[in-house]
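Residue numbers (the working numbering), protein chains in the order written: chain S, 1 to 460; chain L, 1 to 460.
Backbone N, C-alpha and C define an ideal beta-carbon position, used for all residues, glycine too.
There are 2 protein chains.
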Amino acid sequence: MAQKPSIPKGTRDFSPAEMSRRNYIFDTIREVYALYGFEQIETPAMENLSTLMGKYGEEGDKLLFKILNSGDFMRGVKSEEVGTPALAAQLCEKGLRYDLTVPFARYVVQHRDELTLPFRRYQIQSVWRADRPQKGRYREFYQCDADIVGSDSLLNEVELMLMVNEVFRRLGIRVCIKINNRKILSGIAEVIGQADKIVDITVAIDKLDKIGLDNVNAELAEAGIPEDAISKLQPIIKLSGSNEDKLRTIREVLSESETGLKGVDEVTYVLQQYSTLTTGGSEDGNASSQLELDLTLARGLNYYTGCIFEVKALDVEIGSITGGGRYDNLTGIFGMPGLSGVGISFGADRIYDVLNQLDLYPKTIATTTELLFVNFGEAESAYALTALAACRKAGIHAEIYPDAAKMKKQMQYANARNIPYVALAGENEIAQGVFTLKDMQSGQQQLLGTSELINAITKK
Amino acid sequence: MAQKPSIPKGTRDFSPAEMSRRNYIFDTIREVYALYGFEQIETPAMENLSTLMGKYGEEGDKLLFKILNSGDFMRGVKSEEVGTPALAAQLCEKGLRYDLTVPFARYVVQHRDELTLPFRRYQIQSVWRADRPQKGRYREFYQCDADIVGSDSLLNEVELMLMVNEVFRRLGIRVCIKINNRKILSGIAEVIGQADKIVDITVAIDKLDKIGLDNVNAELAEAGIPEDAISKLQPIIKLSGSNEDKLRTIREVLSESETGLKGVDEVTYVLQQYSTLTTGGSEDGNASSQLELDLTLARGLNYYTGCIFEVKALDVEIGSITGGGRYDNLTGIFGMPGLSGVGISFGADRIYDVLNQLDLYPKTIATTTELLFVNFGEAESAYALTALAACRKAGIHAEIYPDAAKMKKQMQYANARNIPYVALAGENEIAQGVFTLKDMQSGQQQLLGTSELINAITKK
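Okay, here's the thing in structure tokens:
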């Protein structure tokens, strides 16, 4: 036999068992999005390369999957261009989407005349990146984004936090939601007299968890931050205590920075509203997620202009499983300035890993077919088919084994598929107008008419 | 302002209203697939080009979207290869999937050790074709396939027909399911002494609807079919009457062809089982779909080996909206011979067009947000947020307008979004602990406490 076929590295097939688990995650996110009034859109897998290029930095441009033009793709290419980096742009007009944010910005601008603002949209689709594949990093993966554009009200931030809390409450994952604010970071850089070094500062302190304080300070010095400025930063980096403690301290530190104080006010409002609205959320046994002010949180700093969020799972060692923030100029790159928005993105693949590690999937999602009719031959299957139709009419996921194969083989099939009930009807059952219903877990058997059989399965 | 951005020709954005309608179709198909015991898989958008090339004929190879290799894609390309058709294969290792059948065949072979046969799988994903875009033909579109592999029982054909019937019954589309059998077509070619001309014969008679009998006969003559053979074909092409009449006639015509009679037996069995099992299906007012033997139906002839299906909408002039059939060697191309299967594919885009033309969407699917809380300012919104949380807890899709904008603007937003209920609370309502609930359709207003408000909306 020929060699087994394979798929491109960094891509995956999803088996029925994996699909059940993935759909459970996607359905949960989708339901919560809908509950909060978000509307779904979809955009094409392929965008014009001009839409994508230059939006993700130089590194991002390299990671775009480009699609070879159809037909005579070499037409118009001059021989001296062959072998130059610019050739790709000649050969390819289209690329696969790299995230859902840029296509969404493009969508808002392209359809602005049809949209009612504020626009609460969600989008759950694949994205593609020509990254080096490694454990937990794929070249094709899903993103689950929700954004509100056309409103700079902080209520939107509160809504997103509530939504994050609700998704993880439903999934049963204990999380800590971390929050920070770009304006606080700007204020910090300002008060230590290093406003122009904000990127270096935040990149360095963002690594605190990974590399420790000494290395952060070394990196700051290397970036040319003077010693007195670094020492002014120390109380901020090491800031601990409750959110209220932190806010009190940082408000003092930033008392001279208008921008910084604005950031503190924003975070204070979001924290207060969130805690007011989630108090009492524990009545069904699930405590609400903590919301923790973390001044070292930066994420894609140049992108965000206000609140920044990140979600960490408490019981599994894994990177952030959700992130997002406020941006003030999403659509400016497409010629429509001044539109503010705020969004979050659930990392479905990491959430999948967390649920797997904690074994948190509900038992019910594994079941597909609930009832298998055994096939003993033409007369018997004709008898079974009528009952099969009645079962399906009652909403029972059911099938009949298509061939009159050996009993053992059919039972093995039921076991391999995790089918909980099997119905058998041979000569005796047919004469009595009944089926033998076997509970595959307990091994119990009962003689039942079709409607009793339906009751026995649906009442379970 | 810069020029509006656009998307590649032949691709589409889907707005929230379009997504609701599309999801209604996909959910209906998915539910019926699950009811019949089919399990979902997904495969990557990108396959190795070696998996795809040569599987769709020469024309198909040209219509594959190819993905430029990452990094130095010109490395190893010799200068004399530049400008040759073989260059694409050097530049691209991967392509976008063209249908769901070849990736499924690849999946079955690659995962054969994990699979339990017979395998009932369904798959609902996009496919991409570099076809010339035109009305109703896109470069990116969804396919919704269900196949049973590893069993040659005709019960599978019956199951698929029942499933087709159930999907269109649920969607409210009146259809005719046409059935034919490759073995009957072979038998016909055989008995008129033209077994080697089967492709020409079926291609010609497949056009009967479009070009009429005279042109079909002219085409047959042009293909080198002798006059006496053409005249023998006439009663078969013109065959009419009930399925029973047609079967009786064709059984006589094919009495000398073993293959042909096998095909007649197969169709007879499927028709009988289907009609037995769908009798009584009209109790909820929906007559079952007709199943009509159509000897001119051929579809992708070289591919199918047994029954062939096609579904036509009765009330809209449009091409086939579903198709499928039996194939005996799906996985042979990947080195795993002898695996028989049968499948169907729903054409979601055409079904969408049919539902639009007949305006058959249920009213409920248009609603996303059910209730909007008007925002009158910080104190009022704080009051509303608690009720909002209670509404969501009760499962009501609800939101609050994020800004304290003018009343008129907020009501316009509710209207544009088709939100059926609006809740308002100013000073008076807050003092009384109630909301004014406005029914946007009737204009009626009531003063209600939060739990009464929830009851008023959920009982509707």
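query                                                                                                             : result
THR369(S): contacting residues in chain L (beta-carbon distance under 7 Å)                                        : GLY37
Residue range of the unbroken beta strand (DSSP E) whose run includes ARG120(L)                                   : 119-128
Beta-carbon proximity check, SER310(S) vs ARG299(S), cutoff 8 Å                                                   : The sequence given here places Glu at residue 310(S); Ser does not occur at that position. Going by C-beta atoms, GLU310(S) is nearer than 8 Å to ARG299(S).
Sequence ranges, beta strand (DSSP E) only - wholly within the stretch 45-92 of chain L, length at least 3        : 46-48 and 66-68
Helix, strand or coil at GLN290(S) according to DSSP, with G and I counted as helix                               : strand
Endpoints, the beta strand (DSSP E) within which LEU522(S) is located                                             : What the structure shows of chain S is the stretch from 1 to 460, and residue 522(S) is not part of that stretch, so it cannot be assessed.
Straight-line gap, GLU380(L) to VAL374(L) (C-alpha atoms, nearest Å)                                              : 9 Å
Segments of 4+ residues assigned as alpha helix (DSSP H) that fall wholly inside the stretch 241-271 of chain L   : 243-253
Short-range partners of chain S found in the stretch 403-417 of chain L, where Cβ spacing is below 7 Å            : ASP403, TYR413, ALA416 and ARG417
According to DSSP, residues forming a beta bridge with TYR142(L)                                                  : SER126(L)
Interface flag, SER451(S) vs chain L, CB-CB below 8 Å                                                             : no
For ALA384(S) and MET430(S), the rounded distance between their alpha carbons                                     : Note on residue identity: the sequence assigns Ile, not Met, to residue 430(S). Each residue's Cα considered, the two are about 9 Å apart.
Buried/exposed call for ARG97(L), threshold 16 Cβ in 10 Å                                                         : buried
Own chain, CB closer than 6 Å to GLN446(L), minus 5 neighbours either side, in chain order                        : LEU437
Straight-line gap, VAL82(S) to MET74(L) (C-alpha atoms, nearest Å)                                                : 8 Å
Contact with chain L by GLY285(S), beta-carbon distance below 8 Å                                                 : Residue placement at GLY285(S) is poorly supported in this model, since its pLDDT is 45, which falls under 50; the coordinates still yield a value, given next. No, GLY285(S) does not count as interfacial toward chain L.
Sequence-distant residues of the same chain with beta carbon closer than 8 Å to GLN441(L), five excluded per side : PRO420
Entirely enclosed beta strand (DSSP E) segments - the stretch 302-371 of chain L, minimum 3 residues              : 307-313, 322-327 and 341-346
First through last residue of the alpha helix (DSSP H) which encompasses ILE201(S)                                : 198-205
Inter-residue Cα distance where the pair is ASN217(L) and PHE334(S)                                               : 58 Å
Minimum C-alpha distance to SER345(L) - residue among GLU18(L), LEU160(L) and HIS111(L)                           : LEU160(L)
Beta carbon proximity, TYR107(L) to chain S, threshold 8 Å                                                        : yes
PHE435(L), DSSP secondary structure in three states                                                               : strand
Cβ pair count under 8 Å reaching 3, the stretch 86-93 of chain S against the stretch 61-75 of chain L             : yes
Beta-carbon proximity of ILE7(S) to SER15(L), cut-off 8 Å                                                         : no
CB contact below 8 Å: GLU399(S) versus chain L                                                                    : yes
Exposure of ASP27(S), with buried meaning 16 or more beta-carbon neighbours within 10 Å                           : exposed
Spatial distance of SER240(L) from LYS246(L) (CA atoms)                                                           : 6 Å
Cβ separation of PHE289(L) and ILE177(L), assumed to be a contact under 8 Å, to the nearest whole Å               : Strictly speaking, residue 289(L) in this sequence is Ser, with Phe absent from that position. Indeed, because the Cβ distance is near 5 Å, the residues count as touching under 8 Å.
Residue(s) in a DSSP beta bridge with CYS176(S)                                                                   : GLN290(S) and LYS312(S)
Residue span of the alpha helix (DSSP H) that contains TYR421(S), given as start and end                          : First-last for TYR421(S): 421-424, but that is the beta strand (DSSP E), not the alpha helix (DSSP H).
Alpha carbon of GLY449(S) to alpha carbon of ALA425(S), nearest angstrom                                          : 11 Å
Backbone CA spacing between ILE400(S) and GLY60(L) [nearest angstrom]                                             : 37 Å
Exposed unless 16 or more other CB atoms sit within 10 angstroms - verdict on LYS78(L)                            : exposed
C-alpha distance - ARG174(L) paired with ASP315(L), whole-angstrom precision                                      : 7 Å
Range of the contiguous alpha helix (DSSP H) that encloses LEU185(L)                                              : 182-191
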